[in-house]
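Peer 1:
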Amino acid sequence: MGILEVKGINKRFGGLQALGDVNLSVAENTTHAIIGPNGAGKSTLLNVLVGKLIPDSGSVMFDGQSVLGRKPHEINQMGISRVFQTPEIFSDLSVFENVMIPCFAKRDGAFRMHAIESIFAERGIQEQADAILADVNMLEKKDMIASSLSRGDKRRLEMAMCLVQDPKLLLLDEPTAGMARADTENTINLLKEIRQKRGITMAIIEHDMNVVFSLAERITVLAQGTPLVEDTPDNIKGHPKVREAYLGEAQV
Amino acid sequence: MLGLEKKDFRLLLIVIGLTMLAPFILNPFPEGSEMAQFNAGYPDLMQRFVIFGIFAIGFNILFGLTGYLSFGHAAFLGAGSYAAVWMFKLLSMNVLPAIALSVLIAGLFSLIIGYVSLRRSGIYFSILTLAFAQMSFALAYSVLTPITGGETGLQLALDDPRIFGASQTATGNIPVPALFGLEMRASYEFSIGNWLFTFNAGYYLAAIFLIGSFYLAIRIFRSPFGMMLRAIKSNQTRMSYTGLNARPYTLAAFVISGMYAGLAGGLMASMDPLAGAERMQWTASGEVVLMTILGGAGTLIGPVLGAGMIKYFENIFSKINDTILHGWFAFLPDGLENFVVAIIHPFIGKGWHLTLGLVFMLVVIFLPGGLVQGGQKIAAMFQRKKPEDAKSKATEPAE
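Residue numbers (my numbering), protein chains in the order written: chain A, 5 to 256; chain E, 11 to 409.
1. Below 8 Å CB to CB, which residues in the same chain sit around Q47 (chain E) once its five sequence neighbours on both sides are set aside?
2. A176 (chain E) and P185 (chain E) look like a contact to me (Cβ under 8 Å); what is the Cβ gap, rounded to whole Å?
3. What is the residue span of the alpha helix (DSSP H) that A274 (chain E) lies within?
4. Compute the distance between the beta-carbons of Y134 (chain E) and F264 (chain E), then report whether it is under 9 Å.
5. Thinking C-alpha only, which one of E:K16, E:V373, E:T252 is nearest G306 (chain E)?
6. Roughly how many whole angstroms lie between the Cα atoms of I202 (chain E) and I266 (chain E)?
7. Any idea what DSSP makes of Q144 (chain E), helix, strand or coil?
8. Let's see if you can read the secondary structure: which residues bound the alpha helix (DSSP H) around H4 (chain A)?
9. Beta-carbon within less than 6 Å of Q255 (chain A)'s beta-carbon, same chain only, minus the 5 sequence neighbours each way: which residues are those?
10. In chain order, what residues of the region 240-261 of chain E put their CB closer than 9 Å to some CB of chain A?
11. Report yes or no: is there a C-beta of chain A within less than 9 Å of the C-beta of E15 (chain E)?
12. On a Cα-Cα basis, can you pick out the residue from A:N33, A:H243, A:V168, A:K241 that is closest to M104 (chain A)?
13. Could you tell me the alpha carbon to alpha carbon distance between T188 (chain A) and T180 (chain A), rounded to whole angstroms?
14. Relative to the C-alpha of G83 (chain A), which candidate in E:G253, E:P33, E:A66 has its C-alpha closest?
15. Taking the C-alpha atoms as reference points, what is the distance between G113 (chain A) and A108 (chain E)?
16. Can you list the beta strand (DSSP E) stretches of 3 or more residues lying completely in the region 184-217 of chain A, in chain order?
17. Taking 9 Å as the threshold (beta carbon to beta carbon), is F94 (chain A) in contact with chain E?
18. Is the Cβ of E131 (chain A) closer than 9 Å to any Cβ of chain E?
19. List the whole-angstrom C-beta distance separating D134 (chain A) from K145 (chain A), where the pair is believed to meet the contact cut-off of C-beta under 8 Å.
20. Quick one: residues in its chain with C-beta nearer than 6 Å to the C-beta of S112 (chain E), no 5 flanking neighbours on either side, listed in chain order?
21. List the DSSP bridge partners of S85 (chain A).
22. In the structure shown, what three-state DSSP assignment does S63 (chain A) receive?
23. Buried or exposed: S146 (chain E), going by 16 or more other Cβ atoms within 10 Å of its Cβ?
24. Among residues of its own chain, excluding the 5 on either side of L168 (chain E), which ones have a beta-carbon nearer than 7 Å to its beta-carbon?
25. Within the continuous beta strand (DSSP E) that includes G12 (chain A), where are the two ends?
26. Where does Q165 (chain E) sit, in a helix, a strand or coil, going by DSSP?
27. Tell me, which residues are paired with T230 (chain A) by DSSP?
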């Protein structure tokens, strides 16, 4: 029984069957990659997992509880954090404030009326924020406004914001999309480090095969909204059906 | 100090100093001099400065922090005024219960309007609040006449059934609002040479409320709650994927700013116990938007400066007429004098809106951060000049 159990998900947009009978099981303490050609339904699946889309049928269980019908902030409070394709950060706020906000969300829940207390008095939260910034090597940038960061730093900041909540499952939507080679390498190393140090379960949607094969422990190949095969990276590499549906296309 | 950082505490001290010494600061010119018409140190105008300052501070908590632009905040100010006048009519002429009820009523009113309007954001939110405010205005103007006095407005009468206190004074007049016997209109005049300074009880009461409101606003700005509000303005997607529910945060900000508006309305009625529907009209809602943007949305002191500036223009520029202009330009040859007066004519008197509009356009175009940004630029210019001899490697160019 995995921490995330997806059973028989169907989603139709007008005439398009975006997801057809998707089953997926993400085991605890693994890195699970979901790959597939463009239009395979990867993003649709991810949006179902975080509560942005409601499927026509099927069930999504996380840690023994149903995710369906819950709002994104409720799903986050259950322990699922998401990293976006383009980093979603609080651009107008400082780096330090960016990481303090998830700390408050973790401690105080979805809403708390703490309008009179001073941020400067929140020692515990500040220490937490400092620690995570040190972990991602951004401590010296803590007073910068987030919008002035480089793209790579924005990605790292977003990662830090997710990690500081200590999620049970980290969803990554093409974390290296549009990155330069060096940045991609850095991100891979950062994710490997997170995996080793924190033992967080990760589900990655990725296009870049290099990234997938250097990180994933299990891979699910999605094609035309249906899972084609699920296996270890080594077996996926040689799988004829996968070559046909995905790798073949990529090699052209 | 008082739970504030050093910088914020200094700002609070400046505001305390400015409000307490306002009768001196606003009356720099001696009585009877040419410039005396630029004096703003008379009770009526000073009261307006601080009351609209409170209104703008509250509006800024919503607009400046969350970015939700409400076009209906005057409705809460109006509701507060009506509530206060009813307290005067029914309970007592003491201003404190009246002000307390206006804050409460405005809070409840904003809870209802906010709950519905905050289902949408951006322009739709603005339109919803505008629609609600105009509905309130229409109701107050006609349908609810028994409660609001309709076109004539709600006034005190000689036969008000006041529970505590008499319906009439011994001389047969309507009693005036007071704070435990201290009448709001009571003034103490103090003159040195040709200078005349007026200290008005109502003004000082309103000023104390302004200081309290300002202090509370600083605390909110520096609280985790305030940070969440800024996060909402910055990125709502990340907000919800961080496990935070934006709706109650925005609703709380909306109600707080509505209560500030109610306080302003209650104070307005305490200075002059009548309330009219026009206080709820959309122009009044637009005015507080102008004040906040002119002063600097999202800054602490900006809204107070903006409110002061607009009220100064409204009351001082509108009083300048052609005769005064002719007096100023009498030194010019006749033809030229008439020409200059004709040029300036549209910008003064009833044309003060034109001057204000120009100032507003200049500020928005050149100082998007409002008057506060202007002040910062000037300060930066001075700071750049000073350390030129010293090593100033850290100083970045201001522009």
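From the three backbone atoms N, C-alpha and C, an ideal C-beta is built for every residue, glycine too.
Peer 2: To lay it out plainly:
1. For Q47 (chain E), the CB contacts under 8 Å within the same chain, skipping 5 residues up- and downstream, are I326, K329, I330, I334 in chain order.
2. Correct: roughly 7 Å between the Cβ atoms.
3. Per DSSP, A274 (chain E) belongs to the alpha helix (DSSP H) from 256-281.
4. Against a cut-off of 9 Å, the Cβ pair of F264 (chain E) and Y134 (chain E) comes out as no contact.
5. In terms of Cα proximity to G306 (chain E), the closest of E:K16, E:V373, E:T252 is E:V373.
6. Here the C-alpha atom of I202 (chain E) lies approximately 43 Å from the C-alpha atom of I266 (chain E).
7. Q144 (chain E): helix per DSSP, three-state reduction.
8. Examination of residue 4 (chain A) is not possible in this model, given that chain A is present from 5 through 256 alone.
9. Because Q255 (chain A) carries a pLDDT of 47, less than 50, the predicted location of this residue cannot be relied on, and the following value inherits that uncertainty. Correct list: empty, nothing qualifies.
10. So the close ones are R240, A241, K243, S244, N245, T247, R248, M249, S250, Y251, T252, G253, L254, N255, A256, R257, P258, Y259.
11. Yes, its Cβ sits closer than 9 Å to a Cβ of chain A.
12. The residue with the shortest Cα to Cα distance from M104 (chain A) is A:V168.
13. Between T188 (chain A) and T180 (chain A), the C-alpha separation is close to 6 Å.
14. Of the listed residues, the one whose Cα sits closest to G83 (chain A) is E:G253.
15. The straight-line gap separating the alpha-carbon atoms of G113 (chain A) and A108 (chain E) is approximately 37 Å.
16. If you keep only unbroken beta strand (DSSP E) runs of at least 3 residues inside the region 184-217 of chain A, you get 205-209.
17. Chain E contact via Cβ: present.
18. So no, E131 (chain A) is outside the interface.
19. Going by Cβ atoms, the distance from D134 (chain A) to K145 (chain A) rounds to 12 Å, so no, they are not a contact pair.
20. Non-local beta-carbon contacts of S112 (chain E) in its own chain, meaning distances under 6 Å to residues more than five positions away in sequence, involve G90, A93, A94, G272, G275, G276 in chain order.
21. Partner(s): A:L174.
22. In the structure shown, S63 (chain A) sits in a strand (DSSP, three-state: E or B).
23. That one is buried.
24. By the criterion of a C-beta distance shorter than 7 Å, L168 (chain E) is surrounded in its chain by S177, Q178, I184, once the five residues flanking it on both sides are discounted.
25. Taken as a continuous stretch (DSSP letters only), the beta strand (DSSP E) holding G12 (chain A) covers 8-17.
26. Strand at Q165 (chain E).
27. Under DSSP, T230 (chain A) shares a beta bridge with A:A227.
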